[in-house]
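Everything below concerns the one structure shown next.
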C-alpha cells in the first residue's frame, strides 16, 4: 500500500502498527500539506455491525472532544476499496504500555503528570456526557510539546454517551457483561455488575497511576475470579510499601483513588486532578521527570533512569513562584 493515494488526498507512507481492529499508517494529507495517521478497519471486520458502530463512535467522539489531552480526529472516510478509516493527528512518542514495559516504572513526578493530564482529558469527556470505559496504559500516549511531557488519551471505541437525564439513573447490565480491561475494572463493576460511570473511569486512572509509580497494578489477577478474590482481601498495598521516596500525601491520594467504595473515591476528574497536583508536588521538588524516547528505540527493560526536564511541568513548584 506504500505511496497509495487514499480518498483522493491521503498518500500512505509507512505502516506504523496493527491491532485487533485495524492497522495504522503514516500518511501525507496532500490537501493540507501535513503528516497524519490513518487507522483502517480490518477488512474481515467490515461486515460486523457492532464493530462498525464502535469504529464510527471512536471517530465521532474523537472529533467532539476538543482537549489538548485527547488525540484529535481530523477526518473519517472510506477508501476506494471500501475500507472505513479515521484520520488522526500524528503523534510522536510512544504509548504508556510500551514505556512501562521498557522502563518498569516511572519517577513519581512523571506518574503524577500522567494522572493529572489523563484527568484533564476525562474532565472534558465527562462534561459532555462521555464515559471512556477503557482507561489503561495502551490507551494513553506519551509525547512532548515545547520540551514538556504531553499525555493524550486514545481510543473512545467502547465509550458510552449518557445524557443528563441518564446520569443519575441506575443502569443494569446482563449477567457476565463487563466492559474494559480486567485489572483496570472497578470493584463495583466486577462484583456488582454496575456499569462503568465517571467514578469507574477515575478508578482506572488511579490504577494507571499506581502502575506508573510502583511497577505493578494494585490488584493482580489473570482471570476474573482472581480479581474478585483480590478485592475481598482488603485495600491494595500503599505505594510506599513497594517503592521508596513516596511521601505520605501520595499514599493518601491512592488510598482514595482506588477505594473499594465508589462514594469514597474522587467524584470528578477535576477534583482528582487538583488532589494529584497537591499530592505529587512534594515528589516533584526532589525527583525529575522521565524522558520521552524515540518510539523506534526498543531496548530491553532496565532499571529506570530519569532526566531533568528542560522546562517546568505541571508539577514544578516554580510555576507558583
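Residue numbers (the working numbering): 56 to 376.
Backbone N, C-alpha and C define an ideal beta-carbon position, used for all residues, glycine too.
Just so you know, these numbers come straight off a predicted model, no measurement behind them.
State the Cα-Cα distance for the pair residue 314 and residue 86, rounded to the nearest angstrom. Pairing residue 314 with residue 86, the inter-Cα distance amounts to about 50 Å.
Closest to residue 77 by C-alpha separation, out of 334, 109, 171, would be which residue? Put simply, of 334, 109, 171 the residue whose alpha carbon is nearest the alpha carbon of residue 77 is 109.
Rounded to whole angstroms, what's the CA-CA distance from residue 325 to residue 269? Just pull it up for me. The C-alpha of residue 269 is placed about 24 Å away from the C-alpha of residue 325.
Under 8 Å, with one C-beta from each stretch per pair, do the segment 160-172 and the segment 250-264 reach the 3-pair mark? The segment 160-172 vs the segment 250-264: in contact.
Taking C-beta to C-beta, are residue 193 and residue 150 nearer than 8 Å? Taking 8 Å as the Cβ cut-off, residue 193 and residue 150 qualify as a contacting pair.
Through-space distance from residue 260 to residue 271, alpha-carbon basis: When rounded, the distance between both Cα atoms is 14 Å.
Kindly indicate which three-state DSSP category residue 272 falls into: helix, strand or coil? In the structure shown, residue 272 sits in coil (DSSP, three-state: anything other than H, G, I, E or B).
State the DSSP-derived secondary structure class of residue 354, mapped to helix, strand or coil. With a pLDDT of 40 at residue 354, under the threshold of 50, the modelled position of this residue cannot be trusted; read the value that follows with caution. In this structure, residue 354 counts as coil in the three-state DSSP scheme.
Look at the alpha carbon of residue 237 and the alpha carbon of residue 250, and state the distance between them as a whole number of angstroms. If you draw a straight line from the Cα of residue 237 to the Cα of residue 250, it is about 14 Å long.
Quick one, are the C-beta atoms of residue 153 and residue 208 less than 8 Å apart? Inclusion of residue 153 and residue 208 in the CB contact set at 8 Å is not warranted, their separation being larger than that value.
Residue(s) in a DSSP beta bridge with residue 312: In the DSSP assignment, residue 312 is bridged to no other residue.
Judging by CA-CA distance, which residue of 107, 199, 113 is the nearest neighbour of residue 148? Considering only alpha carbons, the answer is 199.
Cα-Cα, which of 177, 89, 84, 80 is closest to residue 97? Looking at the Cα atoms, 80 is the closest of the given residues.
Straight-line CA distance for residue 335 to residue 158? When rounded, the distance between both Cα atoms is 20 Å.
Terminal residues of the alpha helix (DSSP H) in which residue 66 lies: Not the alpha helix (DSSP H): residue 66 falls in the beta strand (DSSP E), residues 65-73.
Proximal residues to residue 73 (C-beta, below 8 Å), its chain only, five neighbours per side dropped: Correct list, in chain order: 79.
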